[in-house]
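Protein chains: 2
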Amino acid sequence: MAEHAIPATSDYEEKLDRLLTVAAEVFAKKGYHNASIRDIARHAEVSLSGLYYYFRSKEELLYKVQSRCFQTVLADLEQRLEGEEAADERLRILVHNHVRFFARNMAAMRVLSHEYDALEGPYREKIRDLRRRYTDICTEILRELRRSMGGADIVPLGVVTFALFGMMNWIYTWYRPDRNVPVDRLAEHLYMLFVGGFVGRANGSAKRSRSASRRSEARTSR
Amino acid sequence: MAEHAIPATSDYEEKLDRLLTVAAEVFAKKGYHNASIRDIARHAEVSLSGLYYYFRSKEELLYKVQSRCFQTVLADLEQRLEGEEAADERLRILVHNHVRFFARNMAAMRVLSHEYDALEGPYREKIRDLRRRYTDICTEILRELRRSMGGADIVPLGVVTFALFGMMNWIYTWYRPDRNVPVDRLAEHLYMLFVGGFVGRANGSAKRSRSASRRSEARTSR
DNA sequence: AACTGGTTCGAACGCTCGTTCGGAAACCTA
DNA sequence: TAGGTTTCCGAACGAGCGTTCGAACCAGTT
C-alpha cells in the first residue's frame, strides 16, 4: 500500500499509540535533539527501521507526540467546561484540568512545553494553532471573570494568560507527583494563588465569590 | 602553558566574555544539543579549534554561559536588596530585578532556564547550588512577607516560590521586549498579579501594605 | 636575529546520527 | 496449500558531530 494513509487494523492504532508513549518518555528524559531514533527503538523493543513504518521522520514523531497530547488535554477541557457558566468556576476547571493532566502525563506534557521550538514549518504551525485555541479559551474566561467582578483592566489579559500558564507549565521543572503535595491540592493551590494572590489569599482577607467558595470548601480543608 | 589556569592578559578575559555571549545566542536560538561548536565558531568569527583554547568541551562552554549569567543576576539582586527591610518591597525588588535582567539578557537567561538538564555531573551540581541560593532568598522573603501580613500558611512556600519563578521564567517563551509591554511595566504587572491575585488586584479591592502602595504609585499610573 | 610563550588554525580521526532499501516474516483470504 | 498484504528488520550510506594535534603566527624580550 502506498504510504498506508488509512490505518489498516486496530493493532496498528494500538502500536502507534504505544510508540508515541515510549517516544514521549525518551524525548522527555533526554531532550528531542539529544535523543536518537535508536534510543526509542530500543525502549520500544522494535528494530530501528521498524519505527519508520509508523513515522516518516523523527520530526513527525515529535509532532505526533505533541499533537496527540494537546488534542487530548483540549478535548478534556472542553468537555469539562460544558454546561458550566460561572467564570470563576470555569477558571478553576481549567486550572485543575491542566495541572492534573500535566501530572498524569508528565513526559508528553514536558515534551509539549519544552520542545516546541524543535518543530519547523507546517508541523510547528499546526501545534501553534492548537496552542492558540487553548490560550484563547483561557483568555476569554479571564475576560469574563474580570467583567463579572467589575474589575479594571490594569494588567493586559495577554500578560495574565501567559503568567498563569507559566505558573502551571513550570511544574515540569520541579514537581514530582510522588514526592510533593498531591496533584489535586497542587492544582487548588495554584488556582488560589493566581486568583487571590499571595497576600490576598494567604491571610484569608480576600473575599471569594459564592460559587468558588461553595465548590472548594471540602477540597482545601487539610 | 599547562591548562592556562591563570588568565594571562585582559585581552583574554575580554575575548572569553565575547565568546560566552555569542555562545549564549547560538544556544538560545538552536538549543544546546542542536547547536554545533562549528555554529558558534562561525558566529564568533573564530576557527573551530580556536574555540578549544578557551573551553575544554562543549559542556564546559554551556556551563560557563549559565554560571556567568546566574552569578550576575544573583550579585545584582543581593546588591539591590542591601539595606531594604520591608518584605513587600524586597519582593518587589526581586521580581523587578529578575524580569528586567531576563529581558535584557534574553539569550543567556533562556539558556539558563531551558538547558539546565543538558548539564551533567559536577557542572550540573554547581548550577544547582546557585539555583538553590537564589530560590532560598526568594522563599525567605516570602516567609517574612507572610509573617508580616499575619497570614496562614495554606499554600506551602516551596509551591509559592516555584509558582512565582514559573510566572517569571516563562516569559522567554512569549515575551519580546520590543513588541509587548515595556519591561518595567511587565515586571510591575507580574508583581501585582502575584501579590494581589487576578481578582484581588484587578478590581482594586485588595488592601496594599503602606510601603508597597507608597512605592508604586507613580509607576503603575498609565 | 634568535628565542620564548601565549594564541590561532587546518586537517584529520572516530563516532553517532537520521534515513533508505530490498527482502524476510507473519497473517489473512481463498 | 498458494497468493497477496501488512508488518518488520539487517545492513548500509552519507553527513555532521565533538575533539585532538602539530604546526604556524605574533608579541615581547634578550
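Read top to bottom, the protein sequences are chains D and B. Just so you know, this note's numbering puts 192 at position 192 of the first sequence, and the rest follows in order with no gaps. Just so you know, this note's numbering puts 152 at position 152 of the second sequence, and the rest follows in order with no gaps. Don't be surprised by glycine CBs; every beta carbon is placed ideally from N, CA and C.
Using beta carbons (cut-off 7 angstroms, strictly below), is B:N34 in contact with chain D?
For the purposes of this step, residue 34 of chain B is identified with residue 34 of the second sequence, where counting begins at 1. Yes, its Cβ sits closer than 7 angstroms to a Cβ of chain D.
Buried/exposed call for B:E115, threshold 16 Cβ in 10 Å
Within the second sequence, the letter at position 115 stands for residue 115 of chain B. The residue is buried, with at least 16 neighbouring Cβ atoms inside 10 Å.
Rounded C-alpha distance that separates B:F165 from D:I127:
For the purposes of this step, residue 165 of chain B is identified with residue 165 of the second sequence, where counting begins at 1. For the purposes of this step, residue 127 of chain D is identified with residue 127 of the first sequence, where counting begins at 1. Near 25 angstroms, if we compare the C-alpha coordinates of D:I127 and B:F165.
Could you name each continuous alpha helix (DSSP H) segment of 4 residues or more that falls completely within the stretch 97–125 of chain D, going from the start of the chain to the end?
106–114
Using the Cβ count rule (16 or more neighbours within 10 Å means buried), how would you classify B:D88?
As a position in the second sequence, residue 88 of chain B is number 88, starting the count at 1. Its Cβ being crowded by 16 or more others within 10 Å, B:D88 is buried.
Just checking: is the beta-carbon of D:H98 within a distance shorter than 7 angstroms of some beta-carbon in chain B?
Residue mapping note: residue 98 of chain D aligns to position 98 of the first sequence, counting from 1. Chain B, which has no Cβ nearer than 7 angstroms to the Cβ of D:H98, makes this no.
I'd like to know whether the C-beta atoms of D:E84 and D:R92 end up nearer to each other than 7 angstroms.
On the first sequence, residue 84 of chain D is found 84 positions in, with the first residue counted as 1. On the first sequence, residue 92 of chain D is found 92 positions in, with the first residue counted as 1. With a cutoff of 7 angstroms on beta-carbon distance, D:E84 and D:R92 are scored as not near each other.
If I measure Cβ to Cβ from B:A28 and keep anything under 6 angstroms in the same chain, skipping five residues before and after, which residues do I get?
By one-based count along the second sequence, residue 28 of chain B stands at place 28. Same-chain partners within the cutoff: A107, R110, V111.
Exposed or buried, D:Y172, counting other C-beta atoms within 10 Å across all chains shown (16 or more means buried)?
Mapped onto the first sequence, residue 172 of chain D falls at position 172. Under this definition D:Y172 is a buried residue.
Buried or exposed (CB count within 10 angstroms, at least 16 for buried), D:G121:
Mapped onto the first sequence, residue 121 of chain D falls at position 121. By the 10 Å Cβ count, D:G121 comes out exposed.
Tell whether a beta-carbon distance below 7 angstroms holds between D:L186 and D:V99.
As a first step, residue 186 of chain D must be located in the first sequence, where it is residue number 186. As a first step, residue 99 of chain D must be located in the first sequence, where it is residue number 99. Yes.
Can you tell me whether B:Y300 is helix, strand or coil according to DSSP?
Residue 300 of chain B is absent from the model: chain B starts at 1 and stops at 222.
Note down the Cα distance separating D:D178 from D:D17, rounded to an integer number of angstroms.
If you number the first sequence from 1, residue 178 of chain D lands on position 178. If you number the first sequence from 1, residue 17 of chain D lands on position 17. Cα-Cα distance, rounded: 25 angstroms.
How long is the line joining the alpha carbons of B:N34 and B:K58, rounded to whole angstroms?
For this step, residue 34 of chain B is matched to residue 34 along the second sequence. For this step, residue 58 of chain B is matched to residue 58 along the second sequence. So the two alpha carbons sit approximately 12 angstroms from each other.
Neighbour-count burial assignment, B:L190, 16 or more Cβ in a 10 Å radius:
Looking up residue 190 of chain B in the second sequence gives position 190. With 16 or more Cβ atoms within 10 Å of its Cβ, B:L190 is classed as buried.
With 16 other Cβ atoms within 10 Å as the buried cut-off, status of D:T72
Indexing the first sequence from 1 puts residue 72 of chain D at position 72. D:T72 is exposed by the Cβ-count criterion.
Assigned secondary structure, D:W174 (DSSP; H/G/I helix, E/B strand, else coil):
Indexing the first sequence from 1 puts residue 174 of chain D at position 174. Three-state result, D:W174: coil.
Excluding the 5 residues preceding and the 5 following B:N105 in the sequence, name in chain order all residues of the same chain whose CB lies nearer than 6 angstroms to its CB.
For the purposes of this step, residue 105 of chain B is taken as the residue at position 105 of the second sequence. A distance below 6 angstroms between beta-carbons, with the five flanking residues on each side excluded, links B:N105 to no residue of its chain.
Look up B:N169 in the DSSP assignment and say whether it is helix, strand or coil.
Counting from one through the second sequence, the residue named residue 169 of chain B turns up at place 169. Helix.
Whole angstroms is fine: what's the gap from B:F70's alpha carbon to D:E13's?
The residue you call residue 70 of chain B lines up with position 70 of the second sequence. The residue you call residue 13 of chain D lines up with position 13 of the first sequence. Cα to Cα, the separation comes out at about 46 angstroms.
Using the C-alpha atoms, what's the distance from D:M149 back to D:V223?
Past the boundaries of the shown model lies residue 223 of chain D; chain D is included only from 1 to 222, so the question cannot be answered.
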